[in-house]
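Contents: one structure, followed by commentary.
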Amino acid sequence: MKLLPLLLMGSGLIVGAYPKFKPQPFDMVNVRFCPETSNTPEALAAMKRQGRNVKDRDFMPQDKAQSYLYQTYCRQGHVMLKSYWEEKQSAIDLSVSPSALVTKTVVNAEKRQDVAFYLLSILLAGAGYSFQNKHYHAFSKSVFSRIKQIENEVILAANNGNRSRQYNREMDNQTWDIKEEVAGLISREAIQNRQVKQALFAEEEFKTHLLHLNLQQSEAQKAIAQNHLDRVKAEKETGKLKHPNAQETRGVEVTDKQLIHALVDALQSHEGGWLWRIIDNQTPLWFIGRQGSSKTWTACSFALVRKYCLGMAVRYLIDEHARGVNWQIWKYLDAQTVTSDIDAMGDIFDAIIANWKLRIEGKNELEEKADIAPEQIIVDEYTALKYEVGEPSEKFYRRHLKDTRKAQSCVIGVTHNDTNSSYPEGTKEQRESGTILIQKFSANGKTPLARVKVVRGLFDDAGNELLEHEGTIPDWFNPHRIYEHFNGKPIEF
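Sequential numbering from 25 applies to the sequence shown in the numbering used here.
Next comes the structure, spelled out in structure tokens:
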């Protein structure tokens with residue numbers, strides 16, 4: 025089987041080269057004599073003018089005369105060597121018109137065979153290459169699998185060796201403790217105290233190791249944020265070089281503060297400013313609506329405005345489709361932690377709750393006193409996660425109703441409806457008084473409408489809640505245009 029590709033490609037090479045080495049056939053031509061008749065009406069008229077006694081019935085018509093000449097001379101051709109014919113043409117002065125001689129090259133059957141040989145060689149070579157490529161991929165996959173297997177075996181052997189040595193060391197220590205106790209060199213209480221100290225030391229060592237891991241993660245996130253900042257600056261500089269007038273208005277360069285002011289002013293001017301009232305609010309914000317109403321699209325727009333205008337980075341993004349169909353939306357946020365694995369979401373929810381506790385105490389992940397910067401947490405398709413993740417997601421929802429303001433953490437959630445079954449039990453009164461709910465609409469399940477309804481959570485200047493407030497989303501309020509506004513293409517409001 026391994027030799028089959030080589031045999032096929034070798035056969036193709038031999039078959040393709042065969043026509044080059046075999047004797048080549050001679051070139052042949054078919055020569056026919058096809059004269060044109062002179063029995064034309066013009067010739068008959070000329071003969072009559074000359075006084076010849078020619079009667080029309082004795083003069084053969086032109087078409088019959090031409091047919092007679094064709095049947096007599098032109099039907100039968102003479103096949104001869106092409107070189108012989110060319111030699112005779114140059115040596116003999118023919119008295120007939122050159123147009124009366126019809127020559128046609130005769131295609132030798134052996135040349136058709138040569139073409140067949142070439143096609144067959146290409147087919148064999150292609151089949152050989154296909155088999156070889158398939159064999160190479162299978163071989164590469166096998167080698168890679170074997171390397172991974174060996175690597176796992178080495179790691180397993182090393183771990184087993186470490187565990188075996190640790191077990192032997194513990195058994196030796198226990199044996200020496202028994203011998204020392206029997207010999208009266210140490211008491212049972214001293215042995216127990218030493219074991220307690222060793223356990224405490226192991227626990228502290230584990231905590232230290234965990235802190236180092238958290239520190240490394242924090243440094244990595246810091247590096248990612250710095251890289252993003254450098255990339256944004258580089259994109260802005262590149263945009264200035266490519267479009268020197270794009271960042272200028274009446275000859276004055278637009279600064280980030282001017283861009284923020286322009287966007288905030290447009291939001292405050294739109295329909296009484298209800299959009300900005302919700303954006304500049306730390307109350308948990310939730311979106312509901314049928315399929316095709318662009319809930320995720322709008323949620324990302326709110327988060328993006330908070331990021332650029334309020335300095336709130338997106339710390340956690342939890343969405344089963346974050347790395348799939350929704351990535352074209354979420355990519356603008358540049359979230360620090362993106363989770364799309366259902367199995368890992370429970371740990372993420374627990375980590376968020378633990379992080380809220382530290383932030384409320386004014387501490388960072390290393391449990392050190394630090395300045396706490398506002399952050400955002402986004403959860404998509406919460407109703408589905410409530411059932412698939414279970415208790416951690418329900419605990420997250422309950423805690424987000426009371427901890428987020430103190431922890432300076434803004435939560436944006438997306439779900440399908442506002443029924444009791446969509447949320448944990450016993451949270452109806454809390455969510456009605458402690459969340460903002462926006463309903464999105466679509467007429468056909470595919471195209472979103474500009475219409476929105478703020479079901480709850482919107483208040484006027486006097487503190488009166490504007491329940492079921494109707495509004496619209498402007499065309500420019502979308503992630504793509506907002507991102508461009510701060511990256512070289514300001515929105516013309």
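C-beta: ideal position from N, C-alpha, C; glycine also. If you're wondering where the values come from, they're calculated on a predicted model, not measured in any experiment.
Who are Phe483's beta bridge partners in DSSP?
Beta bridge pairing from DSSP links Phe483 with Glu489.
Contacts around Val55, its chain only, beta-carbon distance under 7 Å, and the 5 residues preceding and following it disregarded:
Within the same chain, Val55 has close Cβ partners Gly101, His102, Met104, Trp109, Leu125 and Thr127.
What did DSSP end up calling Lys355 once you bin it into helix, strand or coil?
When DSSP states are grouped into helix, strand and coil, Lys355 belongs to the coil group.
Quick one, are the C-beta atoms of Leu490 and Phe483 less than 8 Å apart?
In this structure, Phe483 lies closer than 8 Å to Leu490 by Cβ.
Roughly how many angstroms separate the alpha carbons of Thr439 and Thr320, rounded to a whole number?
Using only the alpha carbons, I get a separation of about 9 Å.
Rounding to the nearest angstrom, what Cα-Cα distance links Asp499 and Arg505 in this structure?
About 9 Å.
Who are the Cβ neighbours of His509 in its own chain at under 7 Å, not counting the five residues just before and after it?
Excluding the 5 residues flanking it on each side, His509 has same chain C-beta neighbours closer than 7 Å at Leu283, Leu287 and Ile515, in chain order.
Check whether the Cβ atoms of Leu357 and Lys331 lie closer than 8 Å to each other.
Yes. Within cutoff.
Please state if the CB of Val478 and the CB of Trp298 are separated by a distance shorter than 8 Å.
Contact flag set, yes.
Does Asn502 come out as helix, strand or coil in the three-state DSSP assignment?
Coil, per DSSP.
Can you round the beta-carbon distance between Thr471 and Gly313 to whole angstroms, since I take them to be within the 8 Å contact cut?
Cβ-Cβ separation between Thr471 and Gly313: approximately 13 Å, too far for a contact (criterion under 8 Å).
Just to confirm, is the Cβ distance from Glu344 to Glu295 under 8 Å?
Taking 8 Å as the Cβ cut-off, Glu344 and Glu295 do not qualify as a contacting pair.
By the DSSP assignment, the alpha helix (DSSP H) with Thr320 in it spans what residues?
It spans Lys319 to Leu334 - the alpha helix (DSSP H) in which Thr320 sits, taken as one unbroken run.
Could you tell me which residues DSSP pairs with Ser466 in its beta bridges?
Answer is Pro472, bridged to Ser466.
Is it a yes or a no for the stretch 347 to 357 touching the stretch 458 to 476, going by three-plus beta-carbon pairs under 8 Å?
With a cut-off of 8 Å on Cβ pairs, the stretch 347 to 357 is not in contact with the stretch 458 to 476, counting fewer than three such pairs.
Check this for me: beta carbons of Arg480 and Gln432, under 8 Å apart or not?
Pairing Arg480 with Gln432 gives a Cβ-Cβ distance that is not under 8 Å.
Taking Phe311 as part of the beta strand (DSSP E), name the residues at either end of that continuous run.
Unbroken beta strand (DSSP E) run through Phe311: Leu309 to Ile312.
Can you give the beta carbon distance from Thr496 to Thr307, rounded, assuming they're within the 8 Å contact cut?
Not confirmed; about 22 Å, so no contact.
N-terminal and C-terminal residue of the alpha helix (DSSP H) that Gln292 is part of
Segment Asp280 to Ser293, the alpha helix (DSSP H) holding Gln292.
Cβ pair Val329, Ile303 closer than 8 Å:
Taking 8 Å as the Cβ cut-off, Val329 and Ile303 qualify as a contacting pair.
Which residues in the same chain as Asp485 place their Cβ atom closer than 6 Å to its Cβ, once the five residues preceding and following it in sequence are excluded?
Exclusion of the five residues before and after Asp485 leaves no residue of its chain whose Cβ lies closer than 6 Å to its Cβ.
Opposing strand residues paired with Tyr340 [DSSP bridges]
Paired residues: Thr361 and Ile401.
On the three-state DSSP scale, how would you describe Leu209?
Per DSSP, reduced to three states, the secondary structure at Leu209 is coil, with no helix or strand assignment.
Just to confirm, are Gly437 and Val403 a CB contact at a threshold of 8 Å?
Yes, the pair counts as a contact, with Cβ atoms nearer than the cut-off.
Simplified DSSP assignment, three categories, for His440
Looking at His440 - three-state DSSP - the assignment turns out to be coil, as it is neither helix nor strand.
From this set, Arg429, Glu205, Gly414 and Gln463, which residue's C-alpha is nearest Glu449's C-alpha?
The shortest C-alpha separation from Glu449 is found at Gly414.
For Asp51, I'd like the list of residues in its chain whose CB is within less than 6 Å of its CB, leaving aside the five on either flank, ordered along the chain.
Cβ within range, chain order: Lys106.
Report buried or exposed for Pro503, applying the criterion of at least 16 other Cβ atoms within 10 angstroms of its Cβ.
Flag for Pro503 reads buried.
For Glu389, does the three-state DSSP call read helix, strand or coil?
Coil.
Would you mind giving the Cβ-Cβ distance between Val338 and Ala359, rounded to the nearest angstrom? I have them listed as a contact below 8 Å.
About 4 Å separates the two Cβ atoms, so the contact holds.
Our contact map puts Gly335 next to Pro398 with C-beta atoms below 8 Å; I'd like the distance itself, whole angstroms only.
That pair is a contact at about 7 Å.
Return the CA-CA distance between Phe225 and Ala181, expressed in angstroms with no decimal places.
Rounded to the nearest angstrom, the two C-alpha atoms are 27 Å apart.
C-alpha distance - Phe168 paired with Val178, whole-angstrom precision
About 15 Å.
Which residue wins for smallest C-alpha separation from Gln198, given the options Glu494, Arg218 and Asn184?
Closest by alpha carbon: Arg218.
Contact criterion: CB-CB distance below 8 Å. Does Leu309 meet it with respect to chain C?
Among the chains of the structure shown, chain C does not appear; only one protein chain is present.
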